[in-house]
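Here's what the structure looks like:
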């Protein structure tokens, strides 16, 4: 498996550091931490007879790989109404921006086309099978995700385009900032499993105990190299 | 001509023919060997260079074909639905229901099937990132059940090219990765089965027999089965090029390409190629040989004729000469060659000297005999010169009778010797003046036989014997010594008999004087038919005036013949 190297050392390491912090003002606790991408998970392809034909690829917004990681609690008990979100997944320079999106169940995603040519958005995922059809620049089509799960989104015109939408049935998730730091607020006190997810490595989890009014720090290491 | 007993030596013609034919045959054999060896050598070189160009052509065509396949594969790899189904399946398969899984797999299969018909590959295989078969379509797609790992053994020009085994089958593959946002999600393999059909296509391309050997095992070949098996087993199948004897045939071979442990070979039979060339050469040589043999035949006949013709003429004239004129023979020059003419001249010169020597010998003999005859005549004064005279007269008579010159010569010498037998007659009988007694006459009558006996000891006087022996025979049979009659007496003897009688009558004797010529003729005429032959007597009468003086004396001039 030469193209996808997971360093053995990193497999073993899901370095978790739980540190006591000063109490917070909120009713629930807060989980903060740092996500570190460690391993090279892909090697450049040595032979691709067909050079990538993506046009304007270099003008595509450079999204740091850390932004493709989602941190969330694994199956937390959540009772209450989820706040539906309305977010955009833009199509720019034959790329979905952002590449990874985390939303709550019931949220709606708009798919505006910024490219001077047609795009298409479709999915074959169990959580949301849809096809928004083809539409030109300037248009946008929405899709409401009413089922939780991972939704893979593709373009039927440009085969190299893909995006992942993580539809969660609770609000305890975050996408780390460019610096790798994340914060999940208002987590009821309790014992949880916290997960760092990346589409190519899946979930990397750790245990975390959240106390009310306090911030708990959990650092995760995800074996993905941050390819600039 | 007599030859020694035993087998005769062969004719000259046979010898020349044999020598020329043997030379021609030797030359032709040498030429054939040289031609055969050089034909084989050239064929080997041309076959080898053919294989080299085959390799170049194959390399060019094959790399183009691989590129095309890669291009096709790359185009197929840009199928969005296929990618979406693969990626979604990969993300959800561990947790999804069987229904969902089969939905994605069906989608994948459908997408593959759509394009498989347009691809010239025996199988199109989709493998996940762990190189495990996800789906396979195409003619031999069923060789790749889902879950079967793909081990790319030996890589070709590109990292993704190589040879893949599937049970007994060996496939040549090109592959391309399926990528999403530069991340590989699967690999698409286009597989070409290295089977008999491939080997035959390769044969058309390489214009030679082909063999594909993988891991030391024969995969496919257009060679005859036995030769293919031998090639599989031979160490040559590990080499890049060379020659090998397979099933009794000599082959030149060359590796077209090697991918890992799999080698593609082109093989060409040197024997097969050289057979045609050798056959053509042999046919030409046989034609040349036939022509040369014909030419040799004609040439040797001509040569033999050139030699045997003059020699034959020489020996024929020699034989003819031997039959007729004894040693006095001069052969004509053949003019065919200097050597033969020299031989003829030498022979002629030799014969001339032999003839001269013989003539001298004869002259010496004749001289001695004449001296003897003269001496004999001289015993009795009355008979002095008698033999000479009889000789002259006999020749004259013979001339009158128009005898041949040969006969005249015989008569000349024979007449000279006719009384040689009288050497054995005692003087008292010979010189007795009176009449002889019967006993004395018997002694006298023995002189012809005695003379003949003397002459028999001298070979060249053989023809003169009848004259000496029979010059006293008479036509009426009353002569001596044998009493022959008429025609039994040879002409020579008859003439000498008449001449002898004439000289006796015209000579002086002890008991009478010499009588004149006329009397003698009359006397002789009287006994013509009884004692003398009539025509000889007539000839005497005719001849006498030519050889006698007016007085009837014989003119003795040319007695020394």
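Protein chains in written order, with my numbering: chain A, 1 to 228; chain B, 1 to 561.
Built from N, CA and C at the ideal position, the CB exists for glycine as well.
Neighbourhood of residue 108(B) by C-beta distance below 8 Å, restricted to the same chain and skipping five residues each side: Start at 1 with the first residue of the second chain, and residue 108(B) comes out as number 108. Within the same chain, residue 108(B) has close Cβ partners 82, 85, 86, 89, 126, 134 and 135.
Pick from 199(A), 209(A) and 90(A) that is closest to residue 76(A), judged by C-alpha positions: For the purposes of this step, residue 76(A) is taken as the residue at position 76 of the first chain. Selected option, being the one with the closest Cα: 209(A).
Sequence-distant residues of its chain with Cβ nearer than 8 Å to residue 40(B) (five each side left out): Here residue 40(B) is taken as the residue at index 40 of the second chain, counted from 1. Beyond the five residues adjoining it in sequence on each side, residue 40(B) comes within less than 8 Å, by CB distance, of 270, 274 and 278 in the same chain, given in chain order.
Within chain B, partners of residue 114(A) - CB distance below 7 Å: Position 114 of the first chain, counted from the first residue, corresponds to residue 114(A). Per Cβ cutoff of 7 Å: no residues; residue 114(A) is ~17 Å from chain B at best.
N-terminal and C-terminal residue of the alpha helix (DSSP H) that residue 518(B) is part of: Taking the first residue of the second chain as position 1, residue 518(B) is located at position 518. Counting along the chain, the alpha helix (DSSP H) containing residue 518(B) begins and ends at 517 to 526.
Whole-angstrom distance between residue 129(B) and residue 224(B), CA atom to CA atom: Here residue 224(B) is taken as the residue at index 224 of the second chain, counted from 1. Here residue 129(B) is taken as the residue at index 129 of the second chain, counted from 1. So the alpha carbons of these two residues sit roughly 43 Å apart.
Supposed contact pair residue 160(A) and residue 197(B) - C-beta distance, whole angstroms, cut 8 Å: To locate residue 197(B), count along the second chain from 1; it is residue 197. To locate residue 160(A), count along the first chain from 1; it is residue 160. The pair is not a contact, with the Cβ atoms about 36 Å apart (cut-off 8 Å).
Interface flag, residue 150(A) vs chain B, CB-CB below 8 Å: Reading the first chain from its first residue, position 150 is the one you call residue 150(A). Yes, residue 150(A) counts as interfacial toward chain B.
Runs of beta strand (DSSP E) wholly within the stretch 79 to 121 of chain B (minimum 3 residues, chain order): With a minimum length of 3 residues, no continuous beta strand (DSSP E) run stays inside the stretch 79 to 121 of chain B.
C-alpha gap between residue 152(A) and residue 162(A), whole angstroms: Residue mapping note: residue 152(A) aligns to position 152 of the first chain, counting from 1. Residue mapping note: residue 162(A) aligns to position 162 of the first chain, counting from 1. Cα to Cα, residue 152(A) sits roughly 7 Å from residue 162(A).
Chain B contact for residue 146(A) (CB, 8 Å cutoff): Looking up residue 146(A) in the first chain gives position 146. So, not an interface residue.
Chain-ordered residues of the stretch 81 to 110 of chain A with a beta carbon less than 9 Å from chain B: Of all residues in the stretch 81 to 110 of chain A, 95, 96 and 99 have a Cβ within less than 9 Å of some Cβ in chain B.
Residue interval of the beta strand (DSSP E) (run including residue 193(A)): One-based indexing of the first chain puts residue 193(A) at position 193. Following the DSSP letters along the chain, one finds residue 193(A) inside the beta strand (DSSP E) bounded by residues 190 to 198.
Residues that residue 124(B) bridges to, as DSSP identifies them: Taking the second chain and counting its residues from 1, the one referred to as residue 124(B) is at position 124. For residue 124(B), the pairing in a beta bridge is given by DSSP as 137(B) and 190(B).
Cβ-Cβ distance between residue 111(B) and residue 79(B) below 8 Å: For this step, residue 111(B) is matched to residue 111 along the second chain. For this step, residue 79(B) is matched to residue 79 along the second chain. Taking the C-beta atoms as reference points, residue 79(B) is found nearer than 8 Å to residue 111(B).
Nearest residue (CA-CA) to residue 67(A), options 202(A), 115(A), 189(A) and 181(A): Locating residue 67(A) in the first chain gives position 67, where the first residue counts as 1. Ranking the options by Cα distance to residue 67(A), first place goes to 181(A).
At least three beta-carbon pairs within less than 8 Å, the stretch 536 to 546 of chain B to the stretch 391 to 409 of chain B: Yes, they touch.
Spatial distance of residue 255(B) from residue 195(B) (CA atoms): Taking the first residue of the second chain as 1, we reach residue 255(B) at position 255. Taking the first residue of the second chain as 1, we reach residue 195(B) at position 195. Rounded to the nearest whole angstrom, the CA to CA distance from residue 255(B) to residue 195(B) is 17 Å.
From 374(B), 377(B) and 418(B), residue whose alpha carbon lies closest to that of residue 394(B): Reading the second chain from its first residue, position 394 is the one you call residue 394(B). Among 374(B), 377(B) and 418(B), the Cα nearest to that of residue 394(B) is on 418(B).
In DSSP terms, what residue 207(B) is bridged to: By one-based count along the second chain, residue 207(B) stands at place 207. Paired residue(s): none; residue 207(B) is not in a bridge.
Sub-8 Å separation of residue 77(B) and residue 188(B) beta-carbons: Residue 77(B) sits at position 77 when you count from the first residue of the second chain. Residue 188(B) sits at position 188 when you count from the first residue of the second chain. Yes, they are a contact pair.
Chain A contact for residue 128(B) (CB, 8 Å cutoff): As a working mapping, residue 128(B) is identified with position 128 in the second chain. Output row for residue 128(B): interface = no.
Any 3 or more C-beta pairs closer than 8 Å across the stretch 112 to 125 of chain A and the stretch 188 to 195 of chain A: Judged by Cβ distances under 8 Å, the stretch 112 to 125 of chain A makes no contact with the stretch 188 to 195 of chain A, as fewer than three pairs qualify.
Within 9 Å of chain A by C-beta, residues of the stretch 71 to 87 of chain B in sequence order: Answer set for the stretch 71 to 87 of chain B: 71, 73, 74, 75, 77, 78, 79, 80, 81, 82, 83, 84, 85 and 87.
Cβ of residue 213(A) within 8 Å of any chain B Cβ: Numbered from 1 along the first chain, position 213 holds the residue referred to as residue 213(A). So, not an interface residue.
Short CB-CB distance (under 8 Å) between residue 205(A) and chain B: Taking the first chain and counting its residues from 1, one reaches residue 205(A) at position 205. Chain B contact via Cβ: absent.
Interfacial residues, the stretch 89 to 106 of chain B to chain A, with Cβ spacing under 7 Å: Cβ contacts with chain A: 91, 92, 96, 100 and 104.
Residue 185(A) at chain B interface by Cβ criterion, 8 Å: Along the first chain, one-based indexing puts residue 185(A) at 185. No, because no Cβ of chain B sits closer than 8 Å to the Cβ of residue 185(A).
Span of the beta strand (DSSP E) around residue 259(B): To locate residue 259(B), count along the second chain from 1; it is residue 259. Bounds of the beta strand (DSSP E) holding residue 259(B) are 249 to 259.
Opposing strand residues paired with residue 144(B) [DSSP bridges]: The residue you call residue 144(B) lines up with position 144 of the second chain. Under the DSSP definition of a beta bridge, residue 144(B) lacks any partner.
Span of the beta strand (DSSP E) around residue 231(A): This structure does not reach residue 231(A), given that chain A is present from 1 up to 228, and the question cannot be answered.
CB contact check: residue 200(A) to chain B, cutoff 8 Å: Numbered from 1 along the first chain, position 200 holds the residue referred to as residue 200(A). Chain B, which has a Cβ nearer than 8 Å to the Cβ of residue 200(A), makes this yes.
Cα-Cα separation, residue 219(B) to residue 264(B): The count along the second chain starts at 1 and reaches residue 219(B) at position 219. The count along the second chain starts at 1 and reaches residue 264(B) at position 264. Straight-line Cα distance between these residues: approximately 10 Å.
Any chain B beta carbon closer than 8 Å to residue 160(A): Position 160 of the first chain, counted from the first residue, corresponds to residue 160(A). Chain B, which has a Cβ nearer than 8 Å to the Cβ of residue 160(A), makes this yes.
Rounded separation between residue 71(B) and residue 175(B) - CA only: What you label residue 71(B) is simply residue 71 of the second chain in a count that begins at 1. What you label residue 175(B) is simply residue 175 of the second chain in a count that begins at 1. A straight line joining the alpha-carbon of residue 71(B) with that of residue 175(B) spans about 10 Å.
Interface flag, residue 63(B) vs chain A, CB-CB below 8 Å: As a first step, residue 63(B) is located in the second chain; it is residue number 63 there, counting from the start. Residue contact with chain A for residue 63(B): absent (no Cβ-Cβ distance below 8 Å to any residue of chain A).
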